[in-house]
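Okay, structure first, notes after.
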Amino acid sequence: MTHRLLSSLVIICIVMGACSSRATEESAIRRGDVAFAQRDYEEALAEYRLAVRQGAADPSITGRVAHTYAMMGRVDDAGAYYLETSSKEDSFADQAVSDLMRLALDAKGNNDRFAMATAVEIALQLRPGLGVGDMSLPLAQHYFENGEYGRAIPFYQSAMADATDSVPEIVFEIAQAYEEIGDCDHALIGFERFREMVRPWERGEVDWYIGTCAFSLARDLRSSPVVGEQDLERALELVDRIVEVGEPRNIQAQAWFEKGEILGQMGACEEAMEAYEQVRYVDQPGPLLDRALRRYDEIRFGRGLEDFPEERCR
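The C-terminal residue of the sequence shown carries number 1076 in my numbering, and the numbering is unbroken.
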């Protein structure tokens, strides 16, 4: 009898405790809502978090926490809670994106690009493909300045698509971003475009980039397992461009040598000899000049041509 009475009392206590917990939880939420309505966000946050600690499982509670953090301008915390809430209930994603984009715009107005980027990144996790409006350019420049070139490029592209006129500096930054990720094909297009937009005395830096990218692309074409005539013609165009812009100066001799190699493979022997001969005028005595003169003699006298690429100038 005593044992059954004790068991009953334990069950009653458990039930009453659960009811008490739920009542406390609901009270915390109500107090939080009142504080929020009064714009006392610190107090509202404390009450909502109390409800969460007491086991509130309803996504609307963590949603309240996220929204309160957003109203307080705390991007990281708002984002973390919105990600958690939206993973449980997707309908909260719209509110999350609205709050996060507002925070991003506020951060943009305060010139806080880090907070702006953080807010946009989380919003894009929730709604991939979301447009960012006039934040495209500052986002691109934020990533560019922090060395995240791959992330910068899509925002640069979006900014350029929305712009009525191309700004030379932006065109140059886009080209640099491509060059940094190793995409010299797109980079070269951008550098050439920038070069056309500026005055001749402003081309020194971009000519260096043009020459560097052109040399890299020409080398890649010639080192392919199978090199066709079109590849050789494109490689020739690239080394010609290096010579035309005259930059970088320290690879001009190599450019002339590469030109000789390409022309030799194409069977243009006289032109190949002329290219090899140019190496002597732009390079100091050394291994490269020796190779160039040896190639010149091989074509001129027909000796040692068994080592010449494809023996096209025999």
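Just so it is clear, CB atoms sit at the ideal spot from N, CA and C, and this is done for glycine as well.
In the assembly as shown, A819 is an exposed residue. Its beta-carbon has fewer than 16 other beta-carbons within 10 Å. Of all alpha-carbon atoms in Y911, L950, F956, the one lying nearest the alpha-carbon of D927 is that of F956. Taking the CA atoms as reference points, L979 sits about 50 angstroms from Y831. Judged by DSSP secondary structure, I1013 falls outside any alpha helix (DSSP H); it is assigned neither H nor E.
The residue among I943, F953, M834, G835 with its C-alpha nearest the C-alpha of V929 is F953. A914 and G1048 have their C-alpha atoms roughly 42 angstroms apart. Sorting A799, L994, K870, Y803 by C-alpha distance to the C-alpha of A840 places Y803 at the top.
For the 8 angstroms CB-CB criterion, M897 and K870 form a contact. CA-to-CA, the gap between R984 and E1009 works out to about 20 angstroms. If you draw a straight line from the Cα of V1007 to the Cα of L950, it is about 13 angstroms long.
With contacts defined by Cβ atoms closer than 8 angstroms, A799 and E805 do not form a contacting pair.
Taking C-alpha positions only, I936 is separated from G895 by approximately 18 angstroms. When Cβ pairs closer than 8 angstroms are counted between the two stretches, the region 984-1000 is seen not to touch the region 956-970, the count staying below three. For Q1016, the closest of F977, R996, Y843, E1033 by C-alpha to C-alpha distance is F977.
Between the alpha carbons of Y1043 and E1033 lies a distance of about 16 angstroms.
In the three-state DSSP reduction, G973 falls in the helix class (H, G or I). In this structure, DSSP gives R965 a state outside helix and strand, which the three-state scheme calls coil.
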